[in-house]
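Student: As you go down the protein sequences, you meet chains Z and F in turn. For the first sequence, position 329 matches number 332 in this note's numbering, and the numbering has no gaps at all. For the second sequence, position 521 matches number 524 in this note's numbering, and the numbering has no gaps at all. Glycine included, every Cβ here is placed at the ideal spot set by N, Cα and C. For reference, the structure I am asking about is given below.
Number of protein chains: 2
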Amino acid sequence: MTYNAPLKDMLFVVNELANLSEINQLPGCEDATPDTVEAVLEENAKFCGEVVAPLNQSGDKEPSYWHDGQVTTSKGFKEAFRGFADAGWQGVQHPAEFGGQGLPKLVATPCIEMLNSANIAFALVGLLTDGAIEALLTAGSAEQKTRFIEPLINGKWTGTMNLTEPQAGSDLAAVRTRAVPQGDGTYKIFGTKIFITYGEHDMAENIIHLVLARTPDAPPGVKGISLFIVPKFMVGDDGSLGERNDVHCVSIEHKLGIKASPTAVLQFGDHGGAIGTLVGEENRGLEYMFIMMNAARFGVGMQGIGLAERAYQQAVAFAKERVQSRAVEGSAGPVAIIHHPDVRRMLMSMRAQTEAARALAYVGAGLSDLAHSHPDEATRKANLAVYEYLVPVIKGWSTEMSENVARDGVQVHGGMGFIEETGAAQHYRDAKILTIYEGTTAIQANDLVGRKTVRDGGAVAKAILAQVRATEAQLAEVRDADFTAIRSQLVAGSAALEAVVDYVVTNTKADPRAVFAGSVLYLKLAGIVLGGWQMARAAIVARQKLDAGAGDAAFYRAKIATARFFADHMLAQADGLRHAIVDGAAGVLALDVEQF
Amino acid sequence: MTYNAPLKDMLFVVNELANLSEINQLPGCEDATPDTVEAVLEENAKFCGEVVAPLNQSGDKEPSYWHDGQVTTSKGFKEAFRGFADAGWQGVQHPAEFGGQGLPKLVATPCIEMLNSANIAFALVGLLTDGAIEALLTAGSAEQKTRFIEPLINGKWTGTMNLTEPQAGSDLAAVRTRAVPQGDGTYKIFGTKIFITYGEHDMAENIIHLVLARTPDAPPGVKGISLFIVPKFMVGDDGSLGERNDVHCVSIEHKLGIKASPTAVLQFGDHGGAIGTLVGEENRGLEYMFIMMNAARFGVGMQGIGLAERAYQQAVAFAKERVQSRAVEGSAGPVAIIHHPDVRRMLMSMRAQTEAARALAYVGAGLSDLAHSHPDEATRKANLAVYEYLVPVIKGWSTEMSENVARDGVQVHGGMGFIEETGAAQHYRDAKILTIYEGTTAIQANDLVGRKTVRDGGAVAKAILAQVRATEAQLAEVRDADFTAIRSQLVAGSAALEAVVDYVVTNTKADPRAVFAGSVLYLKLAGIVLGGWQMARAAIVARQKLDAGAGDAAFYRAKIATARFFADHMLAQADGLRHAIVDGAAGVLALDVEQF
Chain Z
4 MTYNAPLKDM LFVVNELANL SEINQLPGCE DATPDTVEAV LEENAKFCGE
54 VVAPLNQSGD KEPSYWHDGQ VTTSKGFKEA FRGFADAGWQ GVQHPAEFGG
104 QGLPKLVATP CIEMLNSANI AFALVGLLTD GAIEALLTAG SAEQKTRFIE
154 PLINGKWTGT MNLTEPQAGS DLAAVRTRAV PQGDGTYKIF GTKIFITYGE
204 HDMAENIIHL VLARTPDAPP GVKGISLFIV PKFMVGDDGS LGERNDVHCV
254 SIEHKLGIKA SPTAVLQFGD HGGAIGTLVG EENRGLEYMF IMMNAARFGV
304 GMQGIGLAER AYQQAVAFAK ERVQSRAVEG SAGPVAIIHH PDVRRMLMSM
354 RAQTEAARAL AYVGAGLSDL AHSHPDEATR KANLAVYEYL VPVIKGWSTE
404 MSENVARDGV QVHGGMGFIE ETGAAQHYRD AKILTIYEGT TAIQANDLVG
454 RKTVRDGGAV AKAILAQVRA TEAQLAEVRD ADFTAIRSQL VAGSAALEAV
504 VDYVVTNTKA DPRAVFAGSV LYLKLAGIVL GGWQMARAAI VARQKLDAGA
554 GDAAFYRAKI ATARFFADHM LAQADGLRHA IVDGAAGVLA LDVEQF
Chain F
4 MTYNAPLKDM LFVVNELANL SEINQLPGCE DATPDTVEAV LEENAKFCGE
54 VVAPLNQSGD KEPSYWHDGQ VTTSKGFKEA FRGFADAGWQ GVQHPAEFGG
104 QGLPKLVATP CIEMLNSANI AFALVGLLTD GAIEALLTAG SAEQKTRFIE
154 PLINGKWTGT MNLTEPQAGS DLAAVRTRAV PQGDGTYKIF GTKIFITYGE
204 HDMAENIIHL VLARTPDAPP GVKGISLFIV PKFMVGDDGS LGERNDVHCV
254 SIEHKLGIKA SPTAVLQFGD HGGAIGTLVG EENRGLEYMF IMMNAARFGV
304 GMQGIGLAER AYQQAVAFAK ERVQSRAVEG SAGPVAIIHH PDVRRMLMSM
354 RAQTEAARAL AYVGAGLSDL AHSHPDEATR KANLAVYEYL VPVIKGWSTE
404 MSENVARDGV QVHGGMGFIE ETGAAQHYRD AKILTIYEGT TAIQANDLVG
454 RKTVRDGGAV AKAILAQVRA TEAQLAEVRD ADFTAIRSQL VAGSAALEAV
504 VDYVVTNTKA DPRAVFAGSV LYLKLAGIVL GGWQMARAAI VARQKLDAGA
554 GDAAFYRAKI ATARFFADHM LAQADGLRHA IVDGAAGVLA LDVEQF
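Here it is, written out as structure tokens:
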């Protein structure tokens, strides 16, 4: 099953919803003209479709494997990674001074989507490397930047994030790995890290592990965690590789999905101590790690969208080809199953959710560019706040919806979907990690409630809702059945979201258990309403284009129909979610532990 | 991970909701006294927990495999099947005259649930054999019954259903397998059947294939299909095994889940023709097969419930054990994750849906007993109609919810859930077949719309809704927050279901595509409302028991809390579903095929 990047939709979102022309005017973003961006995305689409996508199923069938501390990756991965790095795709959003392309996040984001549509297991090595680059750019010394960033961007080396330990899954306060200062500016690192994505592999010459650990006098809890660079091979002043460091992969996991991506258990310091250097200041490691994590969380949201798009394309191809049973309205003989209304419903659901999540994420990427590059500080700050509100939604909702989309993808295939050969089942297996790693949906939801809603008394959420209301007013200007339906559901959805924001702001301090009992539902509601808002905006643009007789009329009509579907099928769930959040805590919390 | 049958809840449902005491008074059901039933279920629980459950994960790790036309099943399956059959578990619901226990379906149903909680892949051999027995009991000749049924009940032999062919998945009109009469009362069978569960294995001496095929002069389509017995080994008049028949397993599938269960491709007649004998009359095969299929559909619904229970138990055990992060309301140190509100919400969702689906299914089993054994014909007919309305709901909704429950089970485990060793991921993989085989959810939904709702103008649906209303009136008599909430959501839910029934009855003929665009959503709505109804009934009984000071107060309080959860989280979705059904077809059907 091939992958064809949905460039038309991507460019529509980039240009019409995420306002590339505005981003293009920001200082440092002058190169990202609409024409250049289109060319970049076309080139990326070609690489992802031709080189990376064909390795998705083969990598799943013949995963990476461990032997004697080494990991051999799936056939073709090494060469594809070489091609990826040589073409500059690792560096799309990174600074030109270290060899990157220096393009806005709004341009990198569709590239990341395409890579993940092509092959999530492959894309992970770049995702983690992006995170390492971000952390070094923010907190690394000038010398560390010079030494490490360029080889990470040109793909000579890759990066990892070492957070989790056996006793500390999501709870970084429980990190035990020790960092003992050696008096020469280096530290010796001792401990075990688990679930380290691409913690060991054969695709690059060196691996730069970014590791959370505690110095001997560090305070307990999250305030005593520092961040260290621990390279697999020591790096000389001239960038040359030196001795093997004392960090070793003792095993990799046997997983449900993303099998080609090696998930390592790393042992630090079993032979005298792994040599590490501090990033930034001691005890500020969590702060720096959050930089990586926020970038990575957005990236995992894109994985969900990429996977959903791939699953959708595969289901559409099957549904057009598979002939089975007569039409419910009668037909001479059996018809292609895409003609059956329930198959149609599943395909529309897959499509609508994917398009909505894509629009929300790209809009978020544009906000991030404004937050980083706008000359006006107040504008930067305002956009940063909205972007940060959206990050847990983009991560949590896009991945939750990708599970549903992958599930529907199997279902469209019927019995063939359950046979591994078909490939639909792989998406169902791969999707399941996305709602877990880089913080489960519940952790995203805690962030949404605590840092993103309660802390500012709901101000940012209300500011976003005011924008939704403005869109509702625009919808009212188009008088037809589609726009009436979209408006009516968006109005109900935004009212539900506003009621929930008020509930969260009012009750979190007094009754945290009740509010957090509905936190994931709040995240889902926010995803549905804000995704529905983007679909409504898309429909308005599409209507304008149609009225102006511009462009591809079938595309714009489909966009309006898809927005209509999203409204009647997704936004219509909003009030039920509101009820479950506002009135549903009693049922969640009533039982004693012994009653389970 | 062990399995402990939820006998307390099972007996509560059997006695209080499905009215065992009433069933016990039916002719032929006199042995099924509450005490006997309790003893039977306890014994079955012991067997399933001790013998079958431990083979679940090992069977997944080392699936059955094919070699030279033979299939070797997973380690321990053969011995466990011997124990299963010897203890009489295959025969629970089958007639005593053929060696069965002759117990009501209401008693067999919890046994089937337990077997499936223990091991779905193992349970399938019995499920299919049940289907073969049902078909032979209904349509077989006296001679066929004598020859075949007893060995199927005592487990010397097993049975299969051969429907699907490569070009005919769900569409039996497309069946091409040929049956050529030989003039001696036998037929030679030629063709290929796929997806044949336990179509070849080493657990019994013989396999009795029930095969759909066409005789030479048969009319086209579903009216030209006949049903044949094709044994793997020919069976002599005295029941002794004769020559190997010309039916051969050419391969088995590599599947997403239920890996221990061999899914065979069977080739009939490649070496001169497989010898078969007609069951019943020519061209009535589909009718007979529907008998098997209806029993099997109910059985697959029970698989969903069994799997959900197992996934729930595993998630609860992990959540009680795993210590991680402080409590949201503050705590001295990290707490067991069952204390975290979102984990609690997932566990309650798993529990509430499982209990509701169990209650609905067992009540359905009781209606089936009334439909078969009540002395009054009108009562039999009325109960049969309600049972038949429920079958697609029990199959479709219980399996759809089992996917969600298995998904939440992985999520509760966090990163550990994605590691196959943990076992949670197996449920997620296994669950995916349940919404597909024995008719996808869409096919169940077509049945619910067409045969079960439109055909009688919604009369049965309305009769059920009248019973729901009676429960609503009872709920109003208890004045506390839980019952007020349950009643309010049930009232809204039944109103939504009634509106949808009216919509379906009014519009199916004039606009079938619009109605079928919402058919699966109608099925889900029916499941939620009728499951919620059973939870409400359970809460009323629990309240009465508590008021009377009878029995296990913690159990009854948990039942009320679980009903409350179901109301606020599941029933609250009803109106959104109604909207998507009644107003959502435009979005589903707007696109041309080329726009996908």
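With a threshold of 8 Å between beta carbons, is ILE439(Z) in contact with chain F?
Tutor: Along the first sequence, one-based indexing puts residue 439(Z) at 436. It does: the Cβ of ILE439(Z) has a partner Cβ on chain F nearer than 8 Å.
Student: Check HIS251(F) in the structure and name its three-state DSSP category.
Tutor: Within the second sequence, the letter at position 248 stands for residue 251(F). Reduced to three states, the DSSP call for HIS251(F) is strand.
Student: Could you pull the start and end residues of the alpha helix (DSSP H) that PHE519(F) belongs to?
Tutor: Locating residue 519(F) in the second sequence gives position 516, counting from the first residue. Residues 515 to 519.
Student: Measuring alpha carbon to alpha carbon, tell me which residue in THR200(F), LYS191(F), ALA298(F), GLN306(F) is nearest GLY279(F).
Tutor: What you label residue 279(F) is simply residue 276 of the second sequence in a count that begins at 1. Of the candidates THR200(F), LYS191(F), ALA298(F), GLN306(F), the one whose C-alpha sits nearest the C-alpha of GLY279(F) is LYS191(F).
Student: State whether the region 456 to 468 of chain Z contacts the region 82 to 100 of chain Z, with contact taken as three or more CB pairs (one from each stretch) at a distance under 8 Å.
Tutor: Under the three-pair Cβ rule at 8 Å, the region 456 to 468 of chain Z does not count as touching the region 82 to 100 of chain Z.
Student: If you pair each beta-carbon of the region 473 to 483 of chain Z with each one of the region 400 to 419 of chain Z, do three or more pairs fall below 8 Å?
Tutor: no
Student: Determine, for VAL3(Z), whether the minimum Cβ-Cβ distance to residues of chain F falls below 8 Å.
Tutor: Examination of residue 3(Z) is not possible in this model, given that chain Z is present from 4 through 599 alone.
Student: For the region 253 to 280 of chain Z, list every residue whose C-beta sits within 9 Å of some C-beta in chain F, in sequence order.
Tutor: GLU256, HIS257, LYS258, LEU259, GLY260, ILE261, THR266
Student: Using a Cβ cut-off of 7 Å, which residues of the region 344 to 373 of chain Z contact any Cβ in chain F, in chain order?
Tutor: Against chain F - using a Cβ distance shorter than 7 Å - the residues of the region 344 to 373 of chain Z are PRO344, ASP345, ARG347, ARG348, LEU350, MET351.
Student: What are the residues that DSSP puts in a beta bridge with LYS258(F)?
Tutor: As a working note, residue 258(F) is residue 255 in the second sequence. ILE422(Z).
Student: Please classify SER401(F) as buried or exposed, where buried requires at least 16 other C-beta atoms within 10 Å of its C-beta.
Tutor: To locate residue 401(F), count along the second sequence from 1; it is residue 398. Classification of SER401(F): buried, given that the 10 Å Cβ count is 16 or more.
Student: Name, please, each residue of chain F whose Cβ falls closer than 9 Å to the Cβ of SER600(Z).
Tutor: The question about residue 600(Z) has no answer here: the residues shown for chain Z are numbered 4 through 599.
Student: Are the CB atoms of LEU592(Z) and ALA520(Z) nearer to each other than 8 Å?
Tutor: Translated into positions along the first sequence, residue 592(Z) becomes position 589. Translated into positions along the first sequence, residue 520(Z) becomes position 517. Cβ distance < 8 Å, so LEU592(Z) and ALA520(Z) count as in contact.
Student: Quick check: ASN47(F) and TRP92(F), are their CB atoms within less than 8 Å of each other?
Tutor: Translated into positions along the second sequence, residue 47(F) becomes position 44. Translated into positions along the second sequence, residue 92(F) becomes position 89. Yes. Within cutoff.
Student: Note down the Cα distance separating ARG490(Z) from ALA330(Z), rounded to an integer number of angstroms.
Tutor: What you label residue 490(Z) is simply residue 487 of the first sequence in a count that begins at 1. What you label residue 330(Z) is simply residue 327 of the first sequence in a count that begins at 1. Distance between the alpha carbons of ARG490(Z) and ALA330(Z): 32 Å.
Student: In chain order, which continuous runs of the alpha helix (DSSP H) of length 4 or greater are located wholly inside the region 4 to 41 of chain Z?
Tutor: 10 to 15, 23 to 26
Student: Could you tell me which chain F residues have their CB closer than 8 Å to the CB of ILE341(Z), listed as they occur along the chain?
Tutor: Against the first sequence, residue 341(Z) aligns to sequence position 338. Per Cβ cutoff of 8 Å: VAL596, PHE599.
Student: If you measure between the beta carbons of LYS226(Z) and VAL250(Z), is that distance less than 8 Å?
Tutor: Looking up residue 226(Z) in the first sequence gives position 223. Looking up residue 250(Z) in the first sequence gives position 247. Going by C-beta atoms, LYS226(Z) is not nearer than 8 Å to VAL250(Z).
Student: Select from ALA142(Z), GLU146(Z), CYS32(Z), GLU53(Z) the residue whose C-alpha is nearest the C-alpha of VAL110(Z).
Tutor: The residue you call residue 110(Z) lines up with position 107 of the first sequence. The residue with the shortest Cα to Cα distance from VAL110(Z) is CYS32(Z).
Student: Give the single residue among ASP433(F), GLU41(F), ASP38(F), THR425(F) whose Cα lies nearest to the Cα of LEU127(F).
Tutor: One-based indexing of the second sequence puts residue 127(F) at position 124. Out of ASP433(F), GLU41(F), ASP38(F), THR425(F), ASP433(F) has the C-alpha closest to the C-alpha of LEU127(F).
Student: So ARG85(Z) is in the alpha helix (DSSP H); what residue range does that whole segment cover?
Tutor: As a first step, residue 85(Z) must be located in the first sequence, where it is residue number 82. Taken as a continuous stretch (DSSP letters only), the alpha helix (DSSP H) holding ARG85(Z) covers 80 to 89.
Student: What is the DSSP secondary structure of LEU451(F), reduced to helix, strand or coil?
Tutor: By 1-based counting over the second sequence, the position of residue 451(F) is 448. Correct three-state label for LEU451(F): helix.
Student: Evaluate HIS212(F) with the Cβ neighbour count: other Cβ atoms within 10 Å of its Cβ, from every protein chain shown; 16 or more gives buried, anything less gives exposed.
Tutor: Within the second sequence, the letter at position 209 stands for residue 212(F). When all chains shown are included, HIS212(F) counts as buried.
Student: According to the Cβ coordinates, are THR195(Z) and GLU168(Z) closer than 8 Å?
Tutor: For the purposes of this step, residue 195(Z) is identified with residue 192 of the first sequence, where counting begins at 1. For the purposes of this step, residue 168(Z) is identified with residue 165 of the first sequence, where counting begins at 1. Inclusion of THR195(Z) and GLU168(Z) in the CB contact set at 8 Å is warranted, their separation being smaller than that value.
Student: Have a look at ASP174(F) and GLN447(F) and give me their C-alpha separation to the nearest angstrom.
Tutor: As a first step, residue 174(F) must be located in the second sequence, where it is residue number 171. As a first step, residue 447(F) must be located in the second sequence, where it is residue number 444. ASP174(F) and GLN447(F): Cα-Cα distance of roughly 13 Å.
Student: Return the residue from the list GLU403(Z), THR180(Z), THR444(Z) that minimises the CA-CA distance to LEU310(Z).
Tutor: Indexing the first sequence from 1 puts residue 310(Z) at position 307. Residue GLU403(Z) is the option with its Cα nearest to LEU310(Z).
Student: Report, in whole angstroms, the separation of the C-beta atoms of GLY143(F) and MET164(F), which I expect to be a contact under 8 Å.
Tutor: Sequence index remark: in the second sequence, residue 143(F) carries index 140 (1-based). Sequence index remark: in the second sequence, residue 164(F) carries index 161 (1-based). Contact doesn't hold; Cβ gap of about 15 Å is too wide.
Student: For SER522(F), which residues in chain Z fall below 8 Å Cβ to Cβ?
Tutor: One-based indexing of the second sequence puts residue 522(F) at position 519. Neighbours of SER522(F) on chain Z, chain order: PRO344, ASP345.
Student: Taking 7 Å as the limit between beta carbons, can you name the residues of its chain near PRO1(Z), skipping five residues before and five after?
Tutor: Here chain Z covers residues 4 to 599 and nothing more, so residue 1(Z) does not appear.
Student: For TYR190(Z), which residues does DSSP report across the bridge?
Tutor: Indexing the first sequence from 1 puts residue 190(Z) at position 187. Answer is PRO184(Z), GLY279(Z), bridged to TYR190(Z).
Student: Name the residues in the region 117 to 141 of chain F whose C-beta lies less than 8 Å from a C-beta of chain Z; which are they?
Tutor: For the region 117 to 141 of chain F, no residue has a beta-carbon sitting nearer than 8 Å to a beta-carbon of chain Z.
Student: Tell me the rounded alpha-carbon separation between PHE421(Z) and GLY272(F).
Tutor: Residue numbering aside, residue 421(Z) sits at position 418 when the first sequence is read from its first letter. Residue numbering aside, residue 272(F) sits at position 269 when the second sequence is read from its first letter. Straight-line Cα distance between these residues: approximately 28 Å.
Student: Counting C-beta neighbours from all protein chains within 10 Å, is the total for PRO219(Z) 16 or more, i.e. buried, or is it exposed?
Tutor: Here residue 219(Z) refers to the residue found at position 216 when the first sequence is read from its first residue. Classification for PRO219(Z): exposed.
Student: Using three-state DSSP, classify ASN122(F) as helix, strand or coil.
Tutor: To locate residue 122(F), count along the second sequence from 1; it is residue 119. Of the three classes helix, strand and coil, the one that applies to ASN122(F) here is coil, per DSSP.
Student: Would GLU65(Z) pass as an interface residue toward chain F - the criterion being a Cβ-Cβ separation below 8 Å?
Tutor: The residue given as residue 65(Z) occupies position 62 in the first sequence. Chain F, which has no Cβ nearer than 8 Å to the Cβ of GLU65(Z), makes this no.
Student: Tell me, please, which residues DSSP counts as bridged to GLY162(Z).
Tutor: Reading the first sequence from its first residue, position 159 is the one you call residue 162(Z). Note: GLY162(Z) sits in a beta bridge opposite ILE211(Z).
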